[in-house]
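Below is one structure; the comments refer to it alone.
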Amino acid sequence: MSNISLLMAIAAVVVILMLAGENNTAGSDELAKDAIQEIERDYRPWFNPIWSPDKRTETLLFSLQAAVGILIILYFFGHSIKGK
Amino acid sequence: MHIMEGFLPPIWSVTWFAVSLPVIALGIRRLNRMVKDDPQTKSLLAVCGGFAFVLSSLKLPSVAGSSSHPTGTGMSAIFFGPSITAVLALIVLIYQALFLAHGGLTTLGANVFSMGIAGPFVGYMVYKGCLKIKLGFFPSVFLAAALCDLSTYLVTSMQLALAFPAAQTDVLGSFKVFAGVFAITQVPLALAEGLVTSMMIRYVVQIRVDILHRLRTIAPEGS
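See the structure below:
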């Protein structure tokens, strides 16, 4: 597979995966929390998140995380190709 | 998935920190030394970090109406091994704990252990093992990345089972419950992660195979 087509295939997979993420199914950490509550009914978390985003901000911050990752990857791939 | 904030009793929270911190310290030392000895590895390290950032940010639907995240640590595990991967995982986990309320600060030690140390350790060993039996580079990468992902979640299940043994069935019973929650959801994601990791590594091989030779990830042609 040529470089460009491989890169495009990877990009396509990531975009598809990101779009697939726009859903409301239960995250497995929620399911784990339910499982914990079932095993130990009286357990209460002894520490709460310092800050919790609302749904829109959460989506934005996850996208930001992905975007930063992609930018880092692109920057260094570009760097590598130039450095050859 | 990461264990949610406050959902590990203090004794376990501390225990997992105690286990993980030495590995992180080792990882930081090895990372510094590696970058000093061979500055070219910085690019690959950054790409692995970026890869982990991207993949662990994706919330993907899986089977039975649940969803989860891939780990993104497979690539770093194969190139750099578990201790350095632990450092990358720590960065991702801190970001997610602080800004996304995903995972937690009290559970950071445990989550670094599962996602940054144990999973990558399995991935690394599987990769080396597969190469030894001459499975072929890309099947080895695929298996290593997929099993890295899966074992991360199995370790998380074990961590939860140890902290929350069931009344009648104790740790093993709890483990089955948690593994049932995580592992079933994770299998399709692990396979997807194996695939994407193979593709990424194939790309790296095409453009900078020399770094991989230097890291001794793969042997130069002819050996």
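Protein sequence lines, in the order shown, are assigned to chains D and S. So in the working numbering, the last spot in the first sequence is 91, and the numbers never skip. So in the working numbering, the last spot in the second sequence is 706, and the numbers never skip. Backbone N, C-alpha and C fix where the C-beta goes; we use that ideal spot for every residue, glycine too. Remember, predicted model here, so these are calculated numbers, not experimental data.
Within chain S, the residues placing a beta-carbon under 7 angstroms from that of VAL21/D are VAL537, ordered along the chain. Listed by position along chain D, the residues whose Cβ is nearer than 8 angstroms to that of PHE582/S are TRP58, PRO60, LEU68. Contact annotation: LEU695/S and ALA666/S have beta-carbon atoms that are not nearer than 9 angstroms. Close to chain D, meaning a Cβ-Cβ distance shorter than 7 angstroms, are the following residues of the stretch 584 to 597 of chain S: ALA584, GLY587, THR589. Between ASP632/S and LEU576/S, the alpha-carbon positions lie close to 15 angstroms from each other. Our two residues, THR568/S and GLN44/D, have alpha carbons roughly 32 angstroms apart in a direct line. Using a Cβ-Cβ cut-off of 7 angstroms, THR668/S is close to SER35 of chain D, given in chain order. Sequence-distant Cβ neighbours of PHE647/S in its own chain, meaning closer than 6 angstroms and more than five residues away, are SER657.
The alpha carbon of LYS611/S has as its nearest neighbour, out of PHE625/S, GLY599/S, ALA649/S, the alpha carbon of PHE625/S. Interface with chain D (9 angstroms Cβ-Cβ cutoff): MET517/S is excluded.
For PHE604/S, the closest of LEU630/S, PHE582/S, THR589/S, LYS617/S by C-alpha to C-alpha distance is LEU630/S.
Judged by DSSP secondary structure, SER540/S falls within the alpha helix (DSSP H) whose first and last residues are 524 to 540. Along the stretch 632 to 649 of chain S, going in chain order, the ones with a CB nearer than 7 angstroms to a CB of chain D are LEU643, PHE647, ALA649. A Cβ-Cβ contact shorter than 9 angstroms links SER559/S with CYS531/S. Across the set GLN523/S, ALA572/S, PRO553/S, the C-alpha of GLN523/S shows the shortest separation from the C-alpha of PHE83/D. Under a 10 Å Cβ-count criterion, VAL518/S is classified as exposed, with fewer than 16 other Cβ atoms of the shown protein chains found around its own Cβ.
Per DSSP, reduced to three states, the secondary structure at PRO493/S is helical.
Chain D has no Cβ within less than 9 angstroms of the Cβ of LEU573/S.
Using a CB distance cut-off of 9 angstroms, ILE690/S counts as an interface residue toward chain D.
Within chain S, the residues placing a beta-carbon under 8 angstroms from that of ILE77/D are GLY533, VAL537, ordered along the chain. Classified as buried, TRP499/S has 16 or more neighbouring CB atoms from the shown chains inside 10 Å of its CB.
The criterion of a C-beta distance shorter than 9 angstroms is satisfied by ILE46/D and ALA650/S. Counting C-beta atoms within 10 angstroms of its own C-beta, PRO622/S has fewer than 16 neighbours from the protein chains shown and is therefore classed as exposed. Distances from the alpha-carbon of GLY586/S to those of HIS485/S, VAL692/S, VAL688/S put HIS485/S closest. Contact check for GLY557/S and THR680/S: beta-carbon distance about 4 angstroms, within the 8 angstroms limit, so the pair qualifies.
Segment contact: the stretch 64 to 76 of chain D against the stretch 508 to 515 of chain S, fewer than three CB-CB distances shorter than 8 angstroms; contact not assigned. If the five residues before and after ILE600/S are omitted, its C-beta is found closer than 6 angstroms to the C-beta atoms of VAL506, PRO565, ALA569, all from its own chain and listed in chain order. For a cut-off of 8 angstroms, the C-beta gap from GLY592/S to ALA628/S is around 24 angstroms, too long to register as a contact. Listed along the chain, the chain S residues whose CB falls inside 7 angstroms of the CB of ALA42/D are VAL660, PHE661, VAL664. Short of 6 angstroms from the beta carbon of SER503/S, and not among the five residues preceding or following it, lie these beta carbons of its own chain, in chain order: GLY592, VAL595, PHE596.
For GLY34/D, DSSP records a beta bridge to SER550/S.
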